[in-house]
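Residue numbers (the numbering used here): 45 to 353.
Right under this line is the structure:
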């Protein structure tokens, strides 16, 4: 496969997953801001911080919902806004049109201009609908690729891009709750704390799956364990890294050569297999999350370097 094709597939996967993840992040902030007793400005500030793409507005004293929605949903100059991600993914698809199936192209192309002329105030009035529309569009693309794309190196690059982005945002969502939104001492374990933690499960579509595993015992350590270490949940860090490692092994077998990203991914899988949630909390969840985000960023760079894009 040409490096250019691999690059476009890899980044198409990342952009579509990033659009979905950003929608989930905004949705979590929206839910948290509506909780009784919440500090609305701080909730939206945490969303801006966790996104990693809006550092200039995090310390803005006048920051509000409109500012965050404009930057993360609509801003064409922010490469990680939902509008930019959908536009970039479509551009990737156009560049390698013959490598996509018809179903994938239609999913990329359908409604991609919907956010083009919208302003922040209009978006805020229909925010839940817009976020649901974004999640549906990205789900349609994932579904199209799963049912119509050959299981070859193109599929591996597309899926790895999406998995890297998914692991990164799961880590960022956890960091919002545990570090940026760490509640006051007097409400830890209380009603507000409970709703903030379960909002993380809702943002990752994990509420029902978590209930099956933990039987409704919504604790911070249980939720962190589920989203980081549970290898059976598709949005957990452990699941994403296992899949990435498998796809890298498939590429190594296909190309007849072991490359550096395999080592990065396998080391992370081994670390996640060995660590327990008690040890993770004792050593510091925020520290672990920060290191894992750095590792995920390094893995992406190693894949690009190894496959020449």
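Glycine residues also receive a C-beta, built at the ideal position from the N, C-alpha and C atoms.
Taken in chain order, the complete alpha helix (DSSP H) segments of 4 or more residues contained in the stretch 114 to 163 are 126 to 139 and 146 to 153. When only Cα atoms are considered, residue 197 and residue 107 end up about 44 Å apart.
Around the CB of residue 57, 16 or more other CB atoms lie within 10 Å, so the residue is classed as buried. Pairing residue 204 with residue 291 gives a Cβ-Cβ distance under 9 Å. When rounded, the separation of the alpha-carbon atoms in residue 343 and residue 190 is 24 Å. With contacts defined as CB atoms closer than 9 Å, residue 282 and residue 313 qualify as a contacting pair. For residue 312, the secondary structure class from DSSP, reduced to helix, strand or coil, is helix. With the rule of 3 Cβ pairs closer than 8 Å, the stretch 132 to 150 does not count as touching the stretch 76 to 93. Contact between residue 94 and residue 209 fails: their C-beta atoms lie close to 14 Å from each other, not under 8 Å. Between the beta-carbon of residue 60 and that of residue 187 there is about 12 Å, and that puts the pair past the 8 Å contact cut. Closest option to residue 252, judged by alpha-carbon separation, among 277, 324 and 122: 277. Closest in alpha carbon position to residue 217, among 297, 280 and 259, is 280. Within the same chain, 188 and 192 come within 6 Å of residue 147 by CB-CB distance, once the 5 residues on both sides are set aside.
Rounded to the nearest angstrom, the Cβ distance from residue 353 to residue 202 is 13 Å, too far for a contact under 8 Å.
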